[in-house]
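**Student:** Residue numbers (UniProt numbering): 1 to 190.
Cβ coordinates follow ideal geometry from the N, Cα and C atoms, glycine included.
Printed below as a string of structure tokens:
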């Protein structure tokens, strides 16, 4: 996984946020004059090949190994892998939004969108390789994206909530499923 470092600069591009507002998962206490705006600059660095395995998304304070039974219980990829296309679409839209507000450059956003399209091609062709540590569809896609595009892949998670990703993917998937069900019912009824 990539490590992320962000710094705030007074300048142009993003509107100033008030003290106590949230940027990602860390509180921001920017107190720039109201006539100025701020820019959030983020850099991502890939972990060295010999670095220890990444910690679980949800295991921040745990120090011991996870029991294999808990690993099996917590794994959702066998269920949510059906939402790979929706997760890719949501991530592409998010990358474009990050560029629109100045968090990513247009070049970075384009790299992410193209990388996600390559991940989608792997899913569609049945060649996507799930590896240990891919807890869900989001971590699987983000891991593969970073493998394909390098450190810029880590920037996709900037300011992003895993819960928002889950809800977005589920709503997009259900929209398609309801359309298919409606068409099937209409064909059945005549």
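Using the rule of at least 16 other Cβ atoms within 10 Å of the residue's Cβ for burial, across every protein chain shown, is residue 155 buried or exposed?
**Tutor:** Within the chain shown, the letter at position 155 stands for residue 155. Buried: at least 16 other Cβ atoms inside 10 Å.
**Student:** Enumerate in chain order the residues of its own chain whose CB-to-CB distance from residue 111 is below 8 Å, with the five nearest sequence positions on each side excluded.
**Tutor:** Here residue 111 refers to the residue found at position 111 of the chain shown. Closer than 8 Å at Cβ, skipping near neighbours: 149, 152.
**Student:** Enumerate, from N- to C-terminal direction, the unbroken alpha helix (DSSP H) stretches of 4 or more residues contained entirely within the UniProt domain "Fumarate lyase N-terminal" (60-189).
**Tutor:** 68-74, 77-80, 84-100, 106-125, 137-149, 162-189
**Student:** Check whether chain B comes within 7 Å of residue 180, counting only Cβ atoms and requiring the distance to be less than that.
**Tutor:** Absent from the structure: chain B. Only one protein chain is present.
**Student:** Contact between the stretch 168-187 and the stretch 125-132: three or more CB pairs below 8 Å?
**Tutor:** no
**Student:** When you compare the stretch 95-106 with the stretch 65-85, are there three or more beta-carbon pairs, one atom per stretch, that lie closer than 8 Å?
**Tutor:** no
**Student:** Measuring alpha carbon to alpha carbon, tell me which residue in 133, 76, 86, 75 is nearest residue 174.
**Tutor:** Your numbering for residue 174 matches position 174 in the chain shown. The candidate whose alpha carbon is nearest that of residue 174 is 86.
**Student:** Taking only the alpha-carbon atoms, compute the straight-line gap between residue 90 and residue 123 and give it to the nearest angstrom.
**Tutor:** Residue 90 sits at position 90 when you count from the first residue of the chain shown. Residue 123 sits at position 123 when you count from the first residue of the chain shown. About 15 Å.
**Student:** Can you tell me the Cα-Cα spacing of residue 180 and residue 188, whole angstroms?
**Tutor:** Translated into positions along the chain shown, residue 180 becomes position 180. Translated into positions along the chain shown, residue 188 becomes position 188. Distance between the alpha carbons of residue 180 and residue 188: 12 Å.
**Student:** Just how far apart, CA to CA, sit residue 186 and residue 93?
**Tutor:** Taking the chain shown and counting its residues from 1, the one referred to as residue 186 is at position 186. Taking the chain shown and counting its residues from 1, the one referred to as residue 93 is at position 93. Those two C-alpha atoms are separated by around 32 Å.
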